[in-house]
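These notes concern the structure reproduced below.
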Amino acid sequence: MKNTLRSRMSLLHTWAGVLFSALLFVIFWAGSLSVFDKEMDRWMMPATRLSLTGDAKVSIDKQLVPILQSKAPHAAAWTIILPSERVPYIALNYGSEEARKGQRIWLNPDTLQEITPADSKGASGFIYPLHHNLTLRFNHIGTWIVGIASTGMLCLLISGIIIHRKIFTDFFTLRLFRSFGRSNLDIHNLTGVALTPFYILITLSGLIIAFSTYFPNAHLPLYAITSPGHVLKKDHARPHGVLPAERQFLKEALGRERHKPAKSSGQLASIDQMIADAEQAWGPGAVYFVRINHPNDAKSNVMLRRHSHATVSKHIDYKRYRATDGNPFNTFEAPAVVKAWNFIAGMHYLQFKHWTLRWLYFLAGLTGCAMIATGLFFWLNARRSKAARSEQKHVVWMDAITIATVSGLMAATLGFMLANQWLPAQARIMGIARDQCEVYVFYLVWMTSLLHAISLTTQRQDKAYLHAWWQQLAVISGLCIAAVLSNWSNTGHHLYVTLTRPLPAVAGVDMVLMVGAWMAWHASRRLRAHCRLHRQQG
Amino acid sequence: MSSNIIIAVVLLQLAQGYYALAMRHYWQQVMHDSGGSMPHTPRTYRSVATLLLGLSCCMMIASEGPAMGSLLWILAAGGSIISTGYLLTRRPGWLRLLCR
Numbered sequence: 022m023k024n025t026l027r028s029r030m031s032l033l034h035t036w037a038g039v040l041f042s043a044l045l046f047v048i049f050w051a052g053s054l055s056v057f058d059k060e061m062d063r064w065m066m067p068a069t070r071l072s073l074t075g076d077a078k079v080s081i082d083k084q085l086v087p088i089l090q091s092k093a094p095h096a097a098a099w100t101i102i103l104p105s106e107r108v109p110y111i112a113l114n115y116g117s118e119e120a121r122k123g124q125r126i127w128l129n130p131d132t133l134q135e136i137t138p139a140d141s142k143g144a145s146g147f148i149y150p151l152h153h154n155l156t157l158r159f160n161h162i163g164t165w166i167v168g169i170a171s172t173g174m175l176c177l178l179i180s181g182i183i184i185h186r187k188i189f190t191d192f193f194t195l196r197l198f199r200s201f202g203r204s205n206l207d208i209h210n211l212t213g214v215a216l217t218p219f220y221i222l223i224t225l226s227g228l229i230i231a232f233s234t235y236f237p238n239a240h241l242p243l244y245a246i247t248s249p250g251h252v253l254k255k256d257h258a259r260p261h262g263v264l265p266a267e268r269q270f271l272k273e274a275l276g277r278e279r280h281k282p283a284k285s286s287g288q289l290a291s292i293d294q295m296i297a298d299a300e301q302a303w304g305p306g307a308v309y310f311v312r313i314n315h316p317n318d319a320k321s322n323v324m325l326r327r328h329s330h331a332t333v334s335k336h337i338d339y340k341r342y343r344a345t346d347g348n349p350f351n352t353f354e355a356p357a358v359v360k361a362w363n364f365i366a367g368m369h370y371l372q373f374k375h376w377t378l379r380w381l382y383f384l385a386g387l388t389g390c391a392m393i394a395t396g397l398f399f400w401l402n403a404r405r406s407k408a409a410r411s412e413q414k415h416v417v418w419m420d421a422i423t424i425a426t427v428s429g430l431m432a433a434t435l436g437f438m439l440a441n442q443w444l445p446a447q448a449r450i451m452g453i454a455r456d457q458c459e460v461y462v463f464y465l466v467w468m469t470s471l472l473h474a475i476s477l478t479t480q481r482q483d484k485a486y487l488h489a490w491w492q493q494l495a496v497i498s499g500l501c502i503a504a505v506l507s508n509w510s511n512t513g514h515h516l517y518v519t520l521t522r523p524l525p526a527v528a529g530v531d532m533v534l535m536v537g538a539w540m541a542w543h544a545s546r547r548l549r550a551h552c553r554l555h556r557q558q559g
Numbered sequence: 175m176s177s178n179i180i181i182a183v184v185l186l187q188l189a190q191g192y193y194a195l196a197m198r199h200y201w202q203q204v205m206h207d208s209g210g211s212m213p214h215t216p217r218t219y220r221s222v223a224t225l226l227l228g229l230s231c232c233m234m235i236a237s238e239g240p241a242m243g244s245l246l247w248i249l250a251a252g253g254s255i256i257s258t259g260y261l262l263t264r265r266p267g268w269l270r271l272l273c274r
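Going down the list, the protein sequences come from chains A and B. As numbered in my numbering, residues 22 to 559 make up the first sequence, in order. As numbered in my numbering, residues 175 to 274 make up the second sequence, in order.
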């Protein structure tokens, strides 16, 4: 091979692909599902399937403060999260100084009745963490692994563009009716080239979001220099919580500061009035988050945050009011650099209210999964016959890993959703709480898929891997249908009900499951037919 | 979804179609049974495509604002490239409508 830039990039593309593809598939799959995490939460937590009428506005003074007064009069802070289209219930949090969100209750905004907790992690409690830290929280190991894989993804994207010999000539080429190798490579190239800007945007923004994990002390020397008196200790030891320089950073960049209580009793002025005042500046209905620090104290204060529905940027701005007289005393607006970071974070977190864009993100994420999977198929297809002749085992193992990564992960996700439907409420299995059981089912199904793939691909039979594929795809199809039927039988919410009530989140999840079932069944049938044909010819 | 977005998506699809027709091998793929030479030069097709692409971008930005509009345009453009590739392989005859 000539030692050209293209040949070196080809080597990089191959090796980075083999090393990171499985991991990247997991990250992209979980990320795509996280686009609709709140909708999946509604599906997995039936008690929260509420239709937000918006007719009656909740009065914080008359309706919510009395509840908090009765539940936690001595709490360090009360937090109220107002309902929105995607999260249609009121969340009340209260806790001690150390754990400000210690206790949590959810209320129906129409009746103010308490909603029984679902005892489920939901998609936002499991799929979303799987996306950004693989649920490995110890010492941020998961975030580091995701960061390394993301860097690998950037290398793959750049090297992929360089090694694509006919990037402009074959720009629209998609030969679906040619050999598997040809059509697979065309799908890989087309999905890769068409959405390269999106992949770069989403990967790079993902890396930028987690900067504080990758460079935990990068900002501290600057704040130690620019803020006299806020000297950075040489050993970076943190004996009493945060360093002074870090505290300065948190205050200036993120507006985080804590006010000490007077430890004498005080009255609470009208929070509804404070919200009305804040919404004069931010617009009607802008406030979604209310925190009352040191309630019933003479130095109590109320912090209001606005939602980010109308902008790509994820707002962190707030207004602070003195709780005793309701006068504003502090307004935080993010500095320019933080605003830029908020914009990048906003593109990744997708907190804005734009359904077209949300669906496009979801489809683009799944297209990314298709690109990664077809890349793996190409690598395997190019080496399979040669490996079979020389009896090399690495391709067989890679086959099993690919099957477990692609179809196994999908089956595991469906297993997680089905466990949510089938496990009895408040169940404990061998001392394991119900929400943890759902997670264990996820990993159990994934492991079973890997073992199934290994058992078939290691057989000496020709094209044994195809059997693993069609069998697992048939299982996926069955699981999708079972999930839709389970939701119907457990809650009575079949598609007609969810479309007419309306419960768009539940209807959307059910419809995606049905489309998934059809696609998996179609693919499984064709692969099975191919296996039969091969057996007859052989 | 506003009508402006729908129009912009249609314009994007047309633009990708014209870009495809500006390339000889795709032109032949579209015209495989009726043959004939290109009624316009590839440059003309490319110019029309670029114009439509720009117009769709402006429409999305005007409709959704610069941040959301450009995000929407990037994703919709990616989608239109894939759908044009799919059209060329499954229904190439449909692109003949653009040759008139």
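C-beta atoms are modelled at their ideal positions from N, C-alpha and C, and glycine is treated no differently. Note that the coordinates shown come from a computational prediction; the quantities given were computed from them, not determined experimentally.
- A residue is called buried when at least 16 other Cβ atoms come within 10 angstroms of its Cβ; I450 of chain A does not meet this threshold and is exposed.
- Interface annotation, T194 of chain A: in contact with chain B, CB-CB separation under 8 Å.
- Within the same chain, Cβ atoms closer than 7 Å to the Cβ of I393 of chain A are found at S42, L45, F46, F49, the five residues on either side in sequence being excluded.
- Between G173 of chain A and A37 of chain A, the CB-CB gap stays under 8 Å.
- In the three-state scheme derived from DSSP, where H, G and I count as helix and E and B as strand, L524 of chain A is classed as coil.
- Here the alpha carbons of N24 of chain A and L548 of chain A stand approximately 40 Å from one another.
- About 7 Å separates the CB atoms of R379 of chain A and L371 of chain A; that is less than 8 Å, so the two are in contact.
- G267 of chain B is outside the set of residues whose beta carbon lies under 8 Å from a beta carbon in chain A.
- For W509 of chain A, the enclosing alpha helix (DSSP H) covers residues 485-512.
- Within the DSSP bridge table, the entry for S286 of chain A names A:D318 as partners.
- Residues of the stretch 370-394 of chain A whose Cβ lies closer than 8 Å to any Cβ of chain B, in chain order: F373, H375, W376, T377, L378, L381, Y382, L384, A385, T388.
- Ranked by Cα distance from G499 of chain A, the options A:P523, A:A245, A:L439 are led by A:L439.
- Here the C-alpha atom of S226 of chain A lies approximately 6 Å from the C-alpha atom of A366 of chain A.
- Sequence-distant Cβ neighbours of S254 of chain B in its own chain, meaning closer than 6 Å and more than five residues away, are L186, Q187, Q190.
- Within the same chain, Cβ atoms closer than 7 Å to the Cβ of L133 of chain A are found at Q84, the five residues on either side in sequence being excluded.
- Note on the stretch 93-174 of chain A: whole alpha helix (DSSP H) runs with a minimum of 4 residues are 149-154, in chain order.
- For V56 of chain A, none of the residues of chain B pass the 7 Å Cβ criterion, the least Cβ distance being about 12 Å.
- In the DSSP annotation of this structure, the continuous segment of the alpha helix (DSSP H) that includes K272 of chain A starts and ends at 265-275.
- At the C-beta level, A421 of chain A and I475 of chain A come within 8 Å of one another.
- Within 7 Å of the CB of Y260 of chain B, the CB atoms of chain A belong to L195, in sequence order along the chain.
- The CB of I248 of chain B comes closer than 7 Å to the CB of P218, F219 in chain A, given here in chain order.
- With contacts defined as CB atoms closer than 8 Å, A403 of chain A and F373 of chain A fail to qualify as a contacting pair.
- Counting other Cβ atoms within 10 Å of its Cβ, I246 of chain A stays below 16 and is therefore classed as exposed.
- With respect to the 8 Å criterion, N317 of chain A and G287 of chain A are classified as neighbours on the basis of their beta carbons.
- Below 8 Å, enough C-beta pairs join the stretch 485-505 of chain A and the stretch 541-555 of chain A to call them touching: three or more.
- Identification of chain A residues near G252 of chain B by a Cβ-Cβ cut-off of 7 Å yields A215, L216, F219, A385, ordered along the chain.
- In this structure M66 of chain A is in contact with S141 of chain A, their Cβ atoms being roughly 6 Å apart against a cut-off of 8 Å.
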